[in-house]
Amino acid sequence: MIVSRFAPAPTGLLHLGHVINALHVWGITRAVGGRVLLRIEDHDRQRSRAEYERAILDDLEWLGFIPDEPPIDAFRRGPCAGRQRDRQDIYTAALNRLRDAGLIYACDCTRRELRDAMTADGGVAEGELRYSGRCADRRLEWAPGRGLRVRFARSVERFDDLRHGMLAQCPAEQCGDMLVKDRDGNWTYQFAVAVDDFEQGVTLVIRGDDLLASTGRQLQLARLLGRDVPPRYLHHGLIMKSATQKLSKADRDTSVRDMREAGDPPDVVFGRALHAAGLLTTMEPTSRVEAERIIVQHYDVCAVLGRQS
Ligand code: GLU
268 MIVSRFAPAP
278 TGLLHLGHVI
288 NALHVWGITR
298 AVGGRVLLRI
308 EDHDRQRSRA
318 EYERAILDDL
328 EWLGFIPDEP
338 PIDAFRRGPC
348 AGRQRDRQDI
358 YTAALNRLRD
368 AGLIYACDCT
378 RRELRDAMTA
388 DGGVAEGELR
398 YSGRCADRRL
408 EWAPGRGLRV
418 RFARSVERFD
428 DLRHGMLAQC
438 PAEQCGDMLV
448 KDRDGNWTYQ
458 FAVAVDDFEQ
468 GVTLVIRGDD
478 LLASTGRQLQ
488 LARLLGRDVP
498 PRYLHHGLIM
508 KSATQKLSKA
518 DRDTSVRDMR
528 EAGDPPDVVF
538 GRALHAAGLL
548 TTMEPTSRVE
558 AERIIVQHYD
568 VCAVLGRQS
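Heads up, this note's numbering is the position in the sequence shown plus 267, with the first residue counted as 1.
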């Protein structure tokens, strides 16, 4: 059975970008007879807020996106396996497996040092920071205030994205040895997601193109953790604020909460999301079922994945 997930970070309110993602996740997963997991990605303890989590859960319910697991009320009741903050033991066990395989080392480099080193090297100052490997052989002790990195092989990760087709990425060149825990003691997004997708049995990852560059490193990490069969991936287009700017939670752009408070029903929210994503020529109120049907037809992924139950 196909298992996918919807994985918002409680660092802001849901916006139209999340709505289009949820329509893809629920639409495609249900069309192939699969199950949807809800995962609250609060790995960044400094930026995550309980009130955003509550608002996200309420807005999802209001829109009609009901996960198969865990029930939304499980999050409201207290500790819940669907919330990253409540999965610390799982991350520690995964880290220890990598450590026992000699793949983890401590690192005391700051982001500023990484940036300066890249600029001195003639690397691009903007764009992604690639770690030079400076601490790889220093045998620093694991201590608070130090990050932990995983040694990446120079392998090329190939995957057949359901929208883009075959893609190849070399994480060692993109980001170098990757942080699994940062200097503030937070598990990194990449590590938490690779562990969660493996441990929760996720077989289909549906997310926006902004995360496309992460896929190779999550694949490599999953393999190092012992995952034999990687998930399938579908990276969909993003709703943009302008030609170059993504929607951002910080700007409260197109937040579901604001539309809801302004009296717009869910059908108007779905119509706006589809129109902004270029999937409807005009903004027309559209039911969730119809919106999901438009997406499923657009990608025709069911033909690739087959209906499985
Ligand atoms: N938590 C991420 C976000 O809110 C999504 C992560 C993922 O789908 O891998 O953008």
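Glycine included, C-beta positions come from ideal geometry on N, C-alpha and C.
Remember, predicted model here, so these are calculated numbers, not experimental data.
- With 16 or more neighbouring CB atoms inside 10 Å of its own CB, G279 falls in the buried class.
- Inter-residue distance for G538 and Y319 is about 24 Å (C-alpha atoms, whole angstroms).
- Annotation for Q313: no beta strand (DSSP E) segment contains it, and DSSP assigns it neither H nor E.
- Q436: member of the beta strand (DSSP E) spanning G432 to Q436, first to last residue.
- In the displayed model, A439 falls within a helix according to three-state DSSP.
- Short of 8 Å from the beta carbon of M526, and not among the five residues preceding or following it, lie these beta carbons of its own chain, in chain order: V535, V536 and R539.
- In the DSSP assignment, I371 falls within the beta strand (DSSP E) that extends over I371 to C374.
- For F273, the uninterrupted beta strand (DSSP E) run begins and ends at V270 to F273, by DSSP.
- Pairing C442 with R397 gives a Cβ-Cβ distance under 8 Å.
- Uninterrupted beta strand (DSSP E) stretches at least 3 residues long and entirely within the stretch 455–483 occur at 471–475, given in chain order.
- The residue from F419, Q436, L305 and L492 with its alpha-carbon nearest to that of Y372 is F419.
- No Cβ-Cβ contact shorter than 8 Å links T455 with D464.
- Your pair I269 and V299 checks out as a contact, with CB atoms roughly 5 Å apart and the cut at 8 Å.
- In the structure shown, M550 adopts coil according to DSSP, grouped into three states.
- Excluding residues up to 5 positions away in sequence, I339 lie with their Cβ nearer than 7 Å to the Cβ of E328 in the same chain.
- Per the coordinates, the alpha-carbon of I357 lies some 30 Å from the alpha-carbon of L434.
- Minimum Cα-Cα distance from M507 among the listed residues T521, D451 and R560 corresponds to T521.
- Separation of S554 and S515 (C-alpha to C-alpha, rounded to the nearest whole angstrom) is 25 Å.
- Look at the stretch 298–339 and you find these whole runs of beta strand (DSSP E), each 3 residues long or longer: 302–305.
- Put simply, of N453, M445 and R382 the residue whose alpha carbon is nearest the alpha carbon of P411 is N453.
- For P334, the CB stays at least 7 Å from every heavy atom of ligand 1.
- Q351 is classed as buried because its beta carbon has at least 16 other beta carbons within 10 Å across all chains shown.
- Apart from sequence neighbours up to five positions away, the residues of its chain that approach A289 with a beta-carbon distance below 6 Å are F273 and F332, ordered along the chain.
- Boundaries cannot be given for V423, as no alpha helix (DSSP H) includes it and DSSP labels it neither H nor E.
- Annotated as proximal: A489 and A461, with beta-carbon spacing under 8 Å.
- As DSSP reads the structure, M507 sits in a beta bridge with K513.
- Between H565 and H502, the CB-CB gap reaches or exceeds 8 Å.
- Annotation for G294: A558, E559, R560, I562 and V563 place their beta carbon closer than 8 Å to its own, counting only its chain and skipping 5 residues before and after.
- In this structure L471 touches G301 by the C-beta definition: roughly 7 Å separates them, less than 8 Å.
- In the DSSP assignment, L446 falls within the beta strand (DSSP E) that extends over M445 to K448.
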